[in-house]
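Residue numbers (this note's numbering), protein chains in the order written: chain W, 213 to 579; chain L, 213 to 579. Glycine included, C-beta positions come from ideal geometry on N, C-alpha and C. Note that the coordinates shown come from a computational prediction; the quantities given were computed from them, not determined experimentally. What follows is one structure encoded as structure tokens, with my remarks underneath.
2 protein chains.
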Amino acid sequence: MSPLPDSGKLALFHGPGTALEIKSYPVSPLERGELLVKNVYTTLCGSDLHTYCGLRNEPCPTVLGHEIVGRIVAIHPDHSATDLTGQPIWPGDLITWTVFASDPQSINAQRGIPQKGDQLFKYGHVRVQEPEVFHGGLAEYCVLKPHTGIIRLPETMPVAIAATLNCSVATVAGALRMAGDLTNKTILITGMGHLGITCAAMCREAGASWIAAADITDQRLQQAQRFGADALFDMKIPAADLHTALQQHTNGRGVDVVFDMSGSPDAMEFGLHALGIGGVAVWVGAVFNTRRLQIDPEQIIRKLITIKGIHNYNFTDFRYAYDFLQQHWSTYPFSEVVEKEFPLEVVNEAFTYAVSRKPLRVGIRLE
Amino acid sequence: MSPLPDSGKLALFHGPGTALEIKSYPVSPLERGELLVKNVYTTLCGSDLHTYCGLRNEPCPTVLGHEIVGRIVAIHPDHSATDLTGQPIWPGDLITWTVFASDPQSINAQRGIPQKGDQLFKYGHVRVQEPEVFHGGLAEYCVLKPHTGIIRLPETMPVAIAATLNCSVATVAGALRMAGDLTNKTILITGMGHLGITCAAMCREAGASWIAAADITDQRLQQAQRFGADALFDMKIPAADLHTALQQHTNGRGVDVVFDMSGSPDAMEFGLHALGIGGVAVWVGAVFNTRRLQIDPEQIIRKLITIKGIHNYNFTDFRYAYDFLQQHWSTYPFSEVVEKEFPLEVVNEAFTYAVSRKPLRVGIRLE
Numbered sequence: 213m214s215p216l217p218d219s220g221k222l223a224l225f226h227g228p229g230t231a232l233e234i235k236s237y238p239v240s241p242l243e244r245g246e247l248l249v250k251n252v253y254t255t256l257c258g259s260d261l262h263t264y265c266g267l268r269n270e271p272c273p274t275v276l277g278h279e280i281v282g283r284i285v286a287i288h289p290d291h292s293a294t295d296l297t298g299q300p301i302w303p304g305d306l307i308t309w310t311v312f313a314s315d316p317q318s319i320n321a322q323r324g325i326p327q328k329g330d331q332l333f334k335y336g337h338v339r340v341q342e343p344e345v346f347h348g349g350l351a352e353y354c355v356l357k358p359h360t361g362i363i364r365l366p367e368t369m370p371v372a373i374a375a376t377l378n379c380s381v382a383t384v385a386g387a388l389r390m391a392g393d394l395t396n397k398t399i400l401i402t403g404m405g406h407l408g409i410t411c412a413a414m415c416r417e418a419g420a421s422w423i424a425a426a427d428i429t430d431q432r433l434q435q436a437q438r439f440g441a442d443a444l445f446d447m448k449i450p451a452a453d454l455h456t457a458l459q460q461h462t463n464g465r466g467v468d469v470v471f472d473m474s475g476s477p478d479a480m481e482f483g484l485h486a487l488g489i490g491g492v493a494v495w496v497g498a499v500f501n502t503r504r505l506q507i508d509p510e511q512i513i514r515k516l517i518t519i520k521g522i523h524n525y526n527f528t529d530f531r532y533a534y535d536f537l538q539q540h541w542s543t544y545p546f547s548e549v550v551e552k553e554f555p556l557e558v559v560n561e562a563f564t565y566a567v568s569r570k571p572l573r574v575g576i577r578l579e
Numbered sequence: 213m214s215p216l217p218d219s220g221k222l223a224l225f226h227g228p229g230t231a232l233e234i235k236s237y238p239v240s241p242l243e244r245g246e247l248l249v250k251n252v253y254t255t256l257c258g259s260d261l262h263t264y265c266g267l268r269n270e271p272c273p274t275v276l277g278h279e280i281v282g283r284i285v286a287i288h289p290d291h292s293a294t295d296l297t298g299q300p301i302w303p304g305d306l307i308t309w310t311v312f313a314s315d316p317q318s319i320n321a322q323r324g325i326p327q328k329g330d331q332l333f334k335y336g337h338v339r340v341q342e343p344e345v346f347h348g349g350l351a352e353y354c355v356l357k358p359h360t361g362i363i364r365l366p367e368t369m370p371v372a373i374a375a376t377l378n379c380s381v382a383t384v385a386g387a388l389r390m391a392g393d394l395t396n397k398t399i400l401i402t403g404m405g406h407l408g409i410t411c412a413a414m415c416r417e418a419g420a421s422w423i424a425a426a427d428i429t430d431q432r433l434q435q436a437q438r439f440g441a442d443a444l445f446d447m448k449i450p451a452a453d454l455h456t457a458l459q460q461h462t463n464g465r466g467v468d469v470v471f472d473m474s475g476s477p478d479a480m481e482f483g484l485h486a487l488g489i490g491g492v493a494v495w496v497g498a499v500f501n502t503r504r505l506q507i508d509p510e511q512i513i514r515k516l517i518t519i520k521g522i523h524n525y526n527f528t529d530f531r532y533a534y535d536f537l538q539q540h541w542s543t544y545p546f547s548e549v550v551e552k553e554f555p556l557e558v559v560n561e562a563f564t565y566a567v568s569r570k571p572l573r574v575g576i577r578l579e
């Protein structure tokens, strides 16, 4: 095992309304099956911003950031030293990894939902308690727990693009798995943030025949078009008019699949109404408290509608996301996703920028 | 082609609140690809009763009854003269058939939802307009349209049991297909009418590890036990207490699958709450107007819940239902389902009995 560094810096988050604090902590020896990674790049995800603003609670103090790319520093001898694809991994390799680690023998993991497995550990969501301090992206290092899914990245993939793989892109891959075969299907995507634009591009590559993007922001709709959307729906227009337009586009059939990436109850209700016979709604965005949806069960039954919720993703989705991004990171303008980069030292500026300007992502360059 | 009868009787339904009228009509020559069947036995389904009571509307006058068993009288030479399993069929054979016929080339049919295909025709749901009069179960004859799925029945299967195959039993088969693999799964079924008891038995045979039956009627709960239910939940008890009991039975995990056969919004909301991580709710019962359900999308997402509506069934479900009933009609007390039988001449007595006494089924013996 390579020699470990003595210490590393991290940005400690104490809670909403408090500036993050840059502190230095010792790097502990690796436990069984762990890896030490030197973080290279982290993007701030929507949920990081929700935590920062107090819209969701994490155990504090914590190290935020879970969309991370890093380089392997050391691998404990009890680790298999292979990634999810079975390729060997070595110190110096550029990698990303699943946002979670859990017991692979637990019921949920065995049923294909490892993100809800027992002994669940989620990077960027854990209280800092010495000696366990390096478990988030806003830090120089990250210690990977056993059963974390790792993917070795090609050096050609820009790290600012690769960073979103293990959260947003993989979650979209999970949403597509939930939706089933998209070949020649008509699609509506509500909410054109990073999840939405990635979804548009992924649906396009999965063979969808027609993709409608809906949002309340003109700029995001324009961007959606460059990520594969065929039609743009301004959700500020009355729902009845939007519904009529969607029916015209689909010859009165309704859409086959709707993905909600917005978390807006209005958008989810609109989406259900837009579905045709046998349609599938996949809900992704509403990972925060919203009003209850009003659903007519007779319509769900007579139209044979399916509704699926997905939170995070499994190992299959993670690999699908990698394959997609590896093939298509330059097919679509993913290079424009990070609008501004900051070093870790000014992480508070990064949050302020992200919250006030609402770019798809800001990036934290860590080396 | 065998010679056709000159005429046949049927019970004409003019609308809610009016006595059904027994009338005789001429039997017309068969059109291309049609079959003429002499009805042997019809059971009154819950939806027949809903129409009779005015809770749903059918185009009138009509011939109600769609759970039908009959004997083939004649087969038009353009018919393949085979059933869904590929076996040859002949005049004199005892058969049942799908409640619908539709264009097999239409989009919905191609996508596995023939019950919503184009040119949809549904037995027991069509206006009587001469010469097309024999299209329901409360009649001596029924003319089967092209693309109707037919299954030849063994003479050993009691017709009173076989009659429920093409509606209730096949719909339950569809619900099980929607739910996916049930091996070692825990199940909650809300509503223990014919759909519910059939569902309990079918889940048992599909390998479910634990089946809870819920209803508001003690008698139906007792009956459910004999159809394979392991635990009985009286829905008159407060929902919070029922929830606690269900959690105890499932080691705090929640149930894997809930089938709603009741159509009750309270039951559907309770069922969603009862589901564990990755759980599946299949809604079947609410084929009438109800209040809107109140659904928390965050729970659907964080628990990776799936909700599926199913209305009627496809050809695969119909065959699954036949295989199930053929193997298990005597394993469970299906022979008790029809509590009372009536001849067609006193069909009004049959409806009065069914509406006032609420048995699982009343039967109409037609020969």
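For this session: Might you give, ordered along the chain, the residues of its own chain that have their beta carbon closer than 7 Å to the beta carbon of Lys328/W, omitting 5 neighbours on each side?
Result: Asn320
Exercise. Along chain W, which residues have their Cβ under 7 Å away from the Cβ of Asn269/L?
Worked result: Result: empty, since nearest Cβ-Cβ is about 14 Å, beyond 7 Å.
For this session: Go through its chain and collect everything with a Cβ distance to His485/W's Cβ below 7 Å, but skip five positions before and after it.
Result: His455
Problem set entry | Among Ala413/W, Cys379/W, Gly282/W, Arg268/W, the one whose alpha carbon lies nearest that of Val371/W | Gly282/W
Exercise. Going by the beta-carbon positions, is the gap between Thr395/W and Ala374/W smaller than 9 Å?
Worked result: no
Exercise. Under the rule that 16 or more other beta-carbon atoms within 10 Å means buried, what is Gly298/W, buried or exposed?
Worked result: exposed
Problem set entry | Where the alpha helix (DSSP H) through Asn251/W begins and ends | No alpha helix (DSSP H) holds Asn251/W; the beta strand (DSSP E) holding it covers 247-255.
Problem set entry | Ile519/L, DSSP secondary structure in three states | strand
Problem set entry | Residue environment, Leu350/W, which counts as buried when at least 16 other CB atoms sit within 10 Å | buried
For this session: Can you tell me which of the three DSSP states Thr263/L falls into?
Result: helix
Problem set entry | Sequence-distant residues of its chain with Cβ nearer than 6 Å to Leu638/W (five each side left out) | In the structure as shown, chain W starts at 213 and stops at 579, and residue 638/W therefore has no counterpart that could be examined.
For this session: Run down chain W in chain order and give the residues with a C-beta less than 8 Å from the C-beta of Met480/L.
Result: Pro509
Problem set entry | Identity of the residues DSSP links to Ile423/W by a beta bridge | Ile399/W
For this session: Flag Arg389/L as yes if its beta-carbon sits less than 9 Å from any beta-carbon of chain W, otherwise no.
Result: no
Exercise. Do the region 553-571 of chain W and the region 440-453 of chain W touch if we need at least three Cβ pairs shorter than 8 Å?
Worked result: no
Exercise. Would you report the Cα separation of Arg577/L and Val252/L, rounded to the nearest angstrom?
Worked result: 6 Å
Exercise. Got a sec, what are the start and stop residues for the alpha helix (DSSP H) Ser568/L sits in?
Worked result: 559-569
Exercise. If you check the beta carbons only, do Asp295/L and Ile307/L fall under 9 Å apart?
Worked result: yes
Exercise. Can Val469/W and Val492/W be called in contact, C-beta distance under 9 Å?
Worked result: yes
For this session: Identify every run of the beta strand (DSSP E) within the region 438-493 of chain W, keeping only runs that are complete inside it and at least 3 residues long; order them along the chain.
Result: 443-446, 467-472
For this session: Look at the Cβ atom of Phe333/W, then the Cβ atom of Val239/W, and state whether they are nearer than 9 Å.
Result: no
For this session: At 7 Å on the CB atoms, spell out the chain W contacts of Thr502/L, in chain order.
Result: Pro509, Glu510
For this session: Give a yes or no on whether the minimum CB-CB distance between Ile401/W and chain L is below 9 Å.
Result: no
Problem set entry | Burial state of Asn501/W, where buried means 16 or more other Cβ atoms lie within 10 Å | exposed
Exercise. For the putative contact between Ile399/W and Trp422/W, defined by C-beta atoms under 8 Å, what is the C-beta separation to the nearest angstrom?
Worked result: 7 Å
Exercise. Which one or two residues does DSSP pair with Tyr237/W in a beta bridge?
Worked result: Gly220/W
For this session: Output yes if chain W places a C-beta closer than 9 Å to the C-beta of Gln341/L; else output no.
Result: no
For this session: Determine the contact status of Asp508/W and Leu248/L, defining contact as a CB-CB distance below 9 Å.
Result: no
Exercise. Per DSSP, Trp495/W is paired with what?
Worked result: Asp472/W, Gly521/W
Problem set entry | DSSP state of Cys354/L mapped onto helix, strand, coil | strand
Problem set entry | Check whether Gln435/L and Ile401/L have beta carbons under 9 Å apart | no
Problem set entry | Met473/W beta carbon less than 9 Å from that of Cys411/W | yes
Exercise. Going by other Cβ atoms of all chains shown within 10 Å of its Cβ, with 16 needed for buried, is His226/W buried or exposed?
Worked result: exposed
Exercise. Would Trp422/L count as contacting chain W if we go by Cβ distances under 9 Å?
Worked result: no
For this session: Taking Tyr335/W as the reference, give the member of Cys354/W, Phe439/W, Arg573/W with the closest Cα.
Result: Cys354/W
Problem set entry | Separation of Arg503/W from Ile512/L, as counted between CA atoms | 13 Å
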